[in-house]
Each structure stands twice: as structure tokens, then as C-alpha cells.
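In the working numbering, the protein residues as written are 83 to 641.
We put the CB at the ideal spot given by N, CA and C, even for glycine.
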């Protein structure tokens with residue numbers, strides 16, 4: 083299966099399985115509830131997903147579709163997100179699955195099955211690298227179906243069949259001309275595609291401890307959709323080779339990665355939560371988390387803000403990423419080269435002068451102003467800022483004093499950079515270095531709390547008494563949906579993020595940069611503005627060393 087199809091499966095499942103919390107919590111998919119679906123899927127599948135099928139869920143899908151469809155681009159709003167559509171994503175070469183016939187047959191079956199207590203649907207797939215993967219669609223039931231009803235369903239779903247073969251407590255039907263089987267067991271129905279040897283009596287996922295561990299590692303107890311991925315099956319050496327280096331740089335050794343799970347939940351049509359968890363071998367190695375206290379300094383409508391902890395970890399991650407793209411350099415050699423360069427050019431010891439006081443939180447933000455003239459420089463348009471929490475104020479002050487003495491008269495930064503001493507007046511007068519460069523002007527300074535590097539125009543805003551990000555309505559509204567104790571977090575406010583994205587895409591589409599694909603993305607930025615108030619991305623490590631990631635979308639409310 084191509085990588086594009088793999089991600090389309092995730093996107094499709096996310097779009098078709100959101101349901102507001104007004105439905106009874108009973109219908110949420112907990113690890114205990116999906117055991118009944120796992121008992122209908124053969125063990126060894128590479129993908130397993132279960133979605134709610136209850137009547138409140140289906141009724142609310144229509145309401146949600148009405149809410150979001152006006153904001154969708156035409157090519158998305160006209161897409162039929164049906165079960166047949168998802169099956170075609172998994173197996174695009176399945177010519178025998180006529181979409182219209184399959185959709186109609188499943189529609190009849192689902193309407194009828196509702197009276198038998200069907201409130202969940204599951205799908206599994208194996209042999210994904212083959213042209214014809216094995217696919218299993220299962221519906222758990224509360225009661226067994228009679229022989230007469232079984233024949234009705236078998237005829238609707240298979241057409242001509244062999245009349246059915248009795249099994250212990252059930253029956254299995256084989257289509258006459260298609261590679262499809264249909265099993266009726268006391269606990270539910272399974273439709274098997276491309277598996278001539280399928281038997282409901284074989285081992286199932288219900289006894290698979292790995293899938294149980296992956297799903298139990300998700301942060302919530304219940305979801306509207308749960309999915310499991312046998313990740314090692316998707317990252318052998320011959321597949322996704324270009325991704326392996328990036329995963330290594332992020333600390334996800336492809337050789338030790340284990341299974342993954344995803345959970346999707348819409349809470350009260352206010353926040354769409356997409357949780358993923360990646361199991362990893364070994365013990366928890368990273369324990370530092372951030373508190374987002376620096377949100378009290380970030381401008382209120384900053385388009386994008388990154389929060390994390392310990393600058394050394396960030397430099398190490400950047401060195402890892404560069405090393406992963408190099409055939410000859412390691413993380414250690416790159417970080418050592420960086421240290422020697424700082425020492426040679428600026429006389430700064432990376433470990434003693436910088437790392438010694440920057441072990442607290444830090445925040446990087448972009449604060450695009452409401453109006454961005456087309457002739458404005460990139461720096462002035464995006465107004466970037468870097469804030470470092472000072473854990474040793476004397477060490478930070480020593481570094482600033484050293485730079486204040488040496489940089490104004492130094493030629494190391496080149497003739498296009500000039501430096502002068504400036505004053506920030508809020509909340510109290512303090513010296514700062516003002517750098518004038520071809521790209522823009524920056525302020526650098528420190529006090530007992532913060533070491534800062536800011537675009538010149540945003541300097542007073544950061545230290546003013548005006549409301550900051552921690553007081554903004556989208557930030558406060560998103561807080562209840564965030565992961566606890568994150569390693570790093572990314573927060574975007576819808577309107578300003580849309581504006582900044584549009585500005586960047588326009589820049590990327592210029593002849594100087596030459597990325598015409600930016601024009602393809604441009605129309606989708608307005609969809610972001612119309613649907614989302616804010617986006618938060620949190621990364622955390624669970625106690626069992628599993629990597630957790632949550633994407634929380636704070637949805638705009640209907641007028």
C-alpha cells in the first residue's frame with residue numbers, strides 16, 4: 083500500500099467518525115467495549131479500527147456535516163465519505179467492489195442490524211504490501227441472527243453464494259464469483275475479502291496483548307473511533323526509507339518502534355481531539371516537562387507559539403536532525419562543531435555560558451501584526467520572539483554583559499550588521515542590545531527572569547501590562563483539552579495563524595524561493611479560519627515510555 087493511502091485512511095476515519103458528546107457516554111469506545119469487535123477480526127492484522135455505529139452517532143453526523151460543509155473547498159465537500167470510500171482507500175485496485183452496489187447493500191444491512199443492537203463497526207486489514215490485501219469488516223451484535231435473516235444478509239452482501247456452511251454456533255457463506263466470505267457467529271458478523279482460508283474459529287485479536295497495550299496507552303478512556311497500527315509492518319527497510327532518518331532524529335529508533343494506536347473524540351462539538359500513541363522499547367528516558375508559564379509574556383494574538391523545556395535538549399534535537407541527513411556526521415560531532423564555532427566567533431562557551439542557566443522553559447513565537455504590508459521584511463512581518471527562562475540570573479547577566487562589551491566593536495557579524503545599546507522601558511528601564519540587519523532589527527537582553535531575543539517592534543508588548551497569551555479566550559478555552567505534563571507544545575490561534583500561513587505561502591510561491599505547490603495549499607487556509615478558533619499540539623511521554631501526541635482543534639461554534 084502506498085504511503086499516501088496510509089495517511090488518507092487516517093484522514094478519512096477522522097472525518098467520518100466525529101460525534102458530539104450529547105450522545106450517551108455508553109456508546110464511547112473503551113478498550114473493554116471493543117473486545118467484542120476484536121473477537122470478530124483474525125489475529126495478525128496490520129490495521130484495526132473500530133467506530134461507533136449507534137443511532138445518535140449517525141444522526142449527529144448529519145448535523146456536523148451541515149456545520150462544516152460550507153467552509154470546505156468544493157473538492158472536499160463533494161466527497162462521499164462512506165464505508166465503500168474507505169475500503170477503496172485500503173484497496174484501490176478492488177474492481178470487484180462496485181461502490182454503488184456495496185454502499186447500497188451495506189446501507190440496507192446497517193438499517194436492519196440496528197434493531198439487533200449493532201452499535202459498532204470494525205475493520206481490519208493484513209498483507210498491506212500486496213496488491214490485494216486481506217480486509218475484514220465486522221459488526222458485533224447482542225443476539226444471534228436466525229437462519230432466514232442470515233440468508234437475507236448473505237444475498238444482499240454477496241449476491242450468489244454457496245448456501246452456507248454450518249460452524250459451531252454459526253454459519254459461513256462464500257460468494258460464488260467473488261473472493262468474499264460472510265460469517266455469522268453468535269457474537270456478530272464478519273465480512274472477509276481476499277482471504278480464501280478465513281475461518282471464524284481461528285485465533286482473533288481478542289487474545290492479542292499488543293493491541294491491548296497500545297489502546298490502553300491512549301490518554302482517554304473512551305473515543306468515537308479507535309484504531310491500531312502494527313507499525314513495524316509499515317517501516318521495513320524497503321518502505322518509507324526517507325522517513326527512517328527523520329524518525330531516528332526524533333528519538334524514534336525504527337528498529338525499536340512497536341505498535342501504535344489512534345483515538346478520535348469530539349467533545350460537545352467544541353474540541354476535536356486526535357490522540358496517537360507509539361509504543362517504544364525500553365524505559366522512559368526523557369522526564370523534563372514544561373509548564374507554559376512563559377505564556378504570560380507571549381503576545382495575546384501570537385499566531386504560533388512553541389513551548390518546551392531545557393534549551394540543551396532543543397539544540398541536541400536539531401543536531402540529531404542534521405546528523406540524520408548527513409552520511410558522515412554524528413549528533414556529538416555536530417554539537418561539538420557548534421560549540422567550537424561559538425567559542426571562536428563570540429568567545430562564548432556553549433556549556434558554561436549558555437547551558438548553565440537555560441535549563442528552564444523556553445518559548446518561541448511568531449506574532450504577525452493585523453496588517454502586513456506586502457513590502458515588509460520577513461522578520462518584521464512575522465515578529466519572531468525567543469524567551470528563555472533564567473535559572474541562574476547571575477550567569478545570564480554575565481553573558482549579556484560580555485556581549486554588550488564585545489559585540490558593538492566586533493567585526494565578526496559582518497558589515498551589514500550594526501549594534502547599539504537601547505532601553506526597554508517596561509516594566510522598568512533596562513539595557514538591551516539592538517541589532518540592525520538586512521532582514522530586520524532585534525532586541526537582545528536579560529533580567530532576573532528572562533533572557534530574550536525579540537523582533538524590535540514586539541519588545542515592549544512582551545513586557546507590558548497588556549493581556550498576553552495566557553489571558554486570550556482561545557488559549558483558555560483550549561486548556562481543558564490539553565495533555566498533562568507535555569515535553570513540548572505548539573499552540574496556534576485560528577485567525578492570526580491563517581494570516582501568517584497565507585503570508586508564508588505567498589512568500590514561498592515567489593520566484594526567489596520557487597515552491598509553486600504553495601498555491602495549491604493557499605485555498606485551504608481559509609477553511610482553517612472558518613472552522614477553527616485554535617489548534618494545540620502536545621507531545622508527552624507516558625510512564626511506559628510510549629510517545630503520546632494530541633492534536634486538539636478548538637472548533638468555532640455555530641452562530
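- Judged by their CB atoms, residue 618 and residue 538 are not nearer to each other than the 8 Å cut-off.
- For residue 220, the uninterrupted beta strand (DSSP E) segment begins and ends at 216–222.
- Straight across, the Cα-Cα distance linking residue 203 with residue 225 is about 15 Å.
- The beta carbon of residue 257 sits closer than 6 Å to the beta carbons of 240 and 243 from its chain, once the five residues preceding and following it are set aside; these are given in chain order.
- By the beta-carbon neighbour count (other beta carbons within 10 angstroms, threshold 16), residue 387 is buried.
- Here residue 467 is buried: its Cβ has 16 or more other Cβ atoms, across all protein chains shown, within 10 Å.
- Here residue 265 has 254, 272 and 282 as same chain residues with Cβ atoms under 6 Å from its own Cβ, once five neighbours each way along the sequence are excluded.
- The alpha-carbon separation between residue 479 and residue 492 amounts to approximately 20 Å.
- For residue 116, no alpha helix (DSSP H) segment is defined, and its DSSP state is neither H nor E.
- Pairing residue 299 with residue 359 gives a Cβ-Cβ distance under 8 Å.
- Around the C-beta of residue 423, fewer than 16 other C-beta atoms lie within 10 Å, and the residue is accordingly described as exposed.
- In the structure shown, residue 228 adopts coil according to DSSP, grouped into three states.
- In the assembly as shown, residue 132 is a buried residue. Its beta-carbon has 16 or more other beta-carbons within 10 Å.
- Between residue 557 and residue 377, the gap from beta carbon to beta carbon is short of 8 Å.
- Remark: C-beta atoms of residue 389 and residue 372 approach each other more closely than 8 Å.
- Here residue 537 carries a strand assignment [DSSP, helix/strand/coil].
- The straight-line gap separating the alpha-carbon atoms of residue 399 and residue 295 is approximately 28 Å.
- With 16 or more other CB atoms across the displayed protein chains lying within 10 angstroms of its CB, residue 110 is buried.
- Distance check between residue 218 and each of 531, 236, 263 and 639 places 263 closest, using alpha-carbon atoms only.
- Rounded to the nearest angstrom, the Cβ distance from residue 622 to residue 560 is 16 Å, too far for a contact under 8 Å.
- Residue 609 carries a helical assignment under DSSP once its states are collapsed to helix, strand and coil.
- Minimum Cα-Cα distance from residue 486 among the listed residues 404, 474, 512 and 135 corresponds to 512.
- With a threshold of 16 other beta carbon atoms within 10 Å, residue 232 meets it and is buried.
- Beta-carbon to beta-carbon, residue 445 and residue 380 are separated by about 6 Å, close enough to satisfy the 8 Å threshold.
- The DSSP assignment places complete beta strand (DSSP E) segments of no fewer than 3 residues inside the segment 466–494 at 466–471, in order along the chain.
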